[in-house]
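Chains as they are written, first to last, in my numbering: chain V, -2 to 416; chain U, 60 to 392.
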Amino acid sequence: MSAEDRDIEPALGARGGPASWRAAEPGAPVALARPGFGDAQWSYLYKARDTDYAGAEPAPGLVAEANRRMRGTPVPEVNGPLIHAPVWSGMVATYFWFGGMASGSAFVSLACDAAGDHRSAAIARKVALGAVAPAPVLLIADLGRPERFLNMMRIFKPRSPMNTGAWCLVAFSGSAAVAVGCDLIGRPKAARAVGALTSLFGSYLGSYTGVLLACTAVPLWSGSRTILGPAFVATATATGAAATRLVLVASGLPDGHPTRRALGTIETASMLTELSISAIGERRLGHAASALDRGRPGVYFRAAKTLVALGISLRLIARRTGPREHELASAMYLVAGLLFRFAWVSGGKPSAEDDEVVAAMARYRRGPHDGPRRPWQARALSVDRSRWPVPSAMQRAYGEAVRRTSLAVGRLVRRRPEA
Amino acid sequence: MSTSAPDTEIAIHRAGAQRMGFFTDTSVCIGCKACEVACKQWNDLPADGSQTGKGVSYDHTGDLSASTWRHVRFVELFEPSPQLREEAQRALDAGAGGRLPAIPAAGGVDLVDVAQSGAGGVDVADAVRKMGEWVFMSDVCRHCTNAGCLDACPTGALIRTEHQTVVLQPDVCNGCGYCVPACPFGVVGRDPDDGRAGKCTLCYDRLEDGLEPACAKSCPTDSIQFGPHDELVEIASRRVAKLHERGIEGAYLYGAGDEPEDELAGGLGSFFLLTEPPERYGLPAHADSPVQENVVPATVAAVAAGLLASAGTVVAFAVAARRGRRTRGGRTW
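Given below as structure tokens:
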């Protein structure tokens, strides 16, 4: 039989076209449909008299009891995978770094204004704008469908940290651009006011990335839910201050200027804060923190810590030598910030793939049905959420409030009335 | 004990619609993978590529993904659970009158016959030895009441339908990948070629035409049952009672019939009857939407830290300015 003889017309649509179709009569029933999904009840199971498949009346509480018992037995061997590893690339980590740097610079501009150093403040505002400029590019490039990036903006959804983050990025970039614009057209007062607003947005831009990671099922991230935000803010402040300091030095801010000194202090203090927060986080995570110790994330994390330690020692030495060492230390903090971000983001993959940890976190996180714990499980349990419970009524009320807000905003911005 | 999603979350409204779901009874699953094939065919999903030779299982699919929305997990039991071992020991001690503890113990014998006749004519010791063999579980999206993917989605591509199922609209999804780690059950995946996320829609298109989903339609043993959620919970509870009556005391429901404090993600729209501890099937023993669980404490900590950092920066400058005035030209920075 030749190709011409065969009927190769597709069942739906035209050849080469999409397989879509429209019912000839709108609302007409399809051939096999039965009222009330009656076609689902084809099997013997639904002929109650013929089978005792489900022929017993459960005693009250029997099912709940059975569920509790089987979900509370000691953990057997775990047949993974349990959860999927995040699919984000290094571009996301780099974006976190730039976003953090931008918000840190915004803090610096606010502080410079408050201290009366308006020249440095104007430069810090430019640094903030420059640092936030690559952010959307990196974010868009990491999307599976970059051409659809604007879909992030089609709704306002406060319960999705990525949605609020995208809006915050827009607000921050816009306000940073307006602030720099005001500087350029010689409106310093307006620039200061808008700069203050920018730093307010910055306090979320630099920290929401931690919230975003914490709101996942990955043990490393969700286990450090109160750690990630503060740690990311600390790195953000350090990198923002370091970047601004380097730019200020290049633009000829004299030695011994209080701004230079203040920036140096801020860098070191926030890097020390980040180190101590990370240490607390690692202790609390216990076994789940091993994702930060091993493999590539481990290399990033150790390199970052080493760089911070080197930077701090340089600062101490430089008290007696010259300004060069301080500049070198700032550069080290900048790189360390990037490495911290890479460590936290890339640590998500091995953590999600560690089935034992995922299972143990899920099982031992709450509930009175916990069996005996092995030593490492007890350590994983130091992330005991039941110690800081969010009452479920409160959780529900929060969810309801959030949804109502989104719906209200949706109604406000809806372009077309519902058909 | 049927659960329901909040009204404000439902994006499509239709009079008379009720919560629909799957009840997957693994005790009658024969591992034929007809559901996997039917799902691929109906939803026009691409192949996942050659994945033979995983080295750990006869199951070559491996996992749910953006292009695999039903997956029959083959669980080779290398070690019977302590629970099962105990029950088996009891059966052994009781001699010929003992009852076999669970499905995997059967090793190819007629279960109903064994259970109803009290293991008559079956070598219990042999069955216990074979206990570490095989169970199947046809895995699928849970259509959770508290859906992590739905909470995480920044574009609104994931919506809750009038059947209270969670559906991803492929024409809206921009492939941000947030739903992938936000799912506590490892259901959603992002397709590396297509760039978008994908998961079970509970055959929303078929439901619109009044048809049952493709996997349930194709299941030869009706291990996958589809229907109104409350009716399914009723059937499933009776099934658990029946299995207990037959001596299979390890039978339980994963995702339905729990007390409120034990519910998995607020109750699952598609739930399972299992006979082994959940981890054996690659299921977490507890789960909830990670967003709902973590977003409040995480945001409070993060925003507080952000405000503190900007305040701290201002303070550092104030201190430096004051000290600068006092010791001008001192150290070089």
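By construction, the Cβ of each residue, glycine as well, lies at the ideal position given by its N, Cα and C atoms. Remember, predicted model here, so these are calculated numbers, not experimental data.
Membership of U:Y313 in the beta strand (DSSP E) is indicated by the continuous run 311 to 313. Shown in chain order are the members of the region 333 to 354 of chain U whose Cβ falls below 8 Å from a Cβ of chain V: L333, E335, P336, P337, E338, R339, Y340, G341, L342, P343, A344, H345, A346, P349, V350, Q351, E352, N353, V354.
Contact between U:R201 and U:F133 is ruled out by a C-beta separation of about 20 Å, above the 8 Å threshold.
Two segments are said to touch when three or more pairs of C-beta atoms, one from each, lie closer than 8 Å; by this definition the region 277 to 291 of chain V does not touch the region 232 to 239 of chain V. The DSSP-derived three-state label of V:W85 is coil.
Distances from the CA of V:R393 to each of V:A119, V:G77, V:R291, V:R156 were compared; the closest alpha carbon is that of V:R156. For a cut-off of 8 Å, the C-beta gap from V:A90 to V:V305 is around 17 Å, too long to register as a contact. Within the DSSP bridge table, the entry for U:V134 names U:V194 as partners. When secondary structure is reduced to three states using DSSP, V:I224 falls in the helix class.
Using a Cβ-Cβ cut-off of 8 Å, U:C242 is close to I80, H81, A214 of chain V, given in chain order. Sequence-distant partners of V:G292 (beyond 5 residues in either direction) whose C-beta falls short of 7 Å from its own C-beta, in its chain, are P347.
The C-beta of V:P55 comes closer than 8 Å to at least one C-beta of chain U. If you ignore the 5 residues before and after U:E221, its C-beta comes within less than 7 Å of the C-beta of I69, I71, H72, R73, A76, all in its own chain and listed in chain order. Residues of chain V with a Cβ closer than 9 Å to the Cβ of U:A377 are, in chain order, A108, A111, A112, A259.
Shortest Cα-Cα distance from V:D49 to any of U:V299, U:P105, U:D122, U:S277 involves U:V299. In the structure shown, U:L327 adopts extended strand secondary structure according to DSSP, grouped into three states.
The residue from V:Y330, V:H254, V:G220 with its alpha-carbon nearest to that of U:A357 is V:G220. Going by DSSP, V:P143 is part of no beta strand (DSSP E) at all; its letter is neither H nor E.
Beta-bridge partners of U:P287 (DSSP): U:M79. V:L126 and V:K302 have their C-alpha atoms roughly 28 Å apart.
Per the coordinates, the alpha-carbon of V:I80 lies some 26 Å from the alpha-carbon of U:W101. Runs of the alpha helix (DSSP H) lying entirely within the region 247 to 307 of chain V and spanning at least 4 residues, in chain order: 255 to 282. For U:I69, the beta-bridge partners assigned by DSSP are U:R219. Taking CB atoms only, V:M159 has a neighbour in chain U less than 8 Å away.
Under the 8 Å criterion on CB atoms, V:L313 is classed as non-interfacial with respect to chain U. In this structure the region 124 to 141 of chain V touches the region 93 to 105 of chain V; the number of beta carbon pairs closer than 8 Å is three or more. DSSP places U:V226 inside the beta strand (DSSP E), whose first and last residues are 225 to 227.
Taking 8 Å as the cut-off, the beta carbon of U:V292 is found no closer than this to the beta carbon of U:T260. Among the CB atoms of chain U, none fall inside 8 Å of the CB of V:S248. Across the set V:G396, V:Y395, V:R360, the C-alpha of V:R360 shows the shortest separation from the C-alpha of V:V75. In this structure, the straight-line span from the alpha carbon of U:V362 to that of V:P78 is close to 34 Å.
Beta-bridge analysis with DSSP links U:A256 to U:R249. Annotation for V:F339: G87, A90, Y297 place their beta carbon closer than 7 Å to its own, counting only its chain and skipping 5 residues before and after. Among the residues of chain V, those whose CB is under 7 Å from the CB of U:L270 are V27, L29, A30, D36, following chain order. For V:F95, not one C-beta of chain U is nearer than 8 Å to its own C-beta. Residue pairing of U:S282 in beta bridges, as defined by DSSP: absent, with no partner found.
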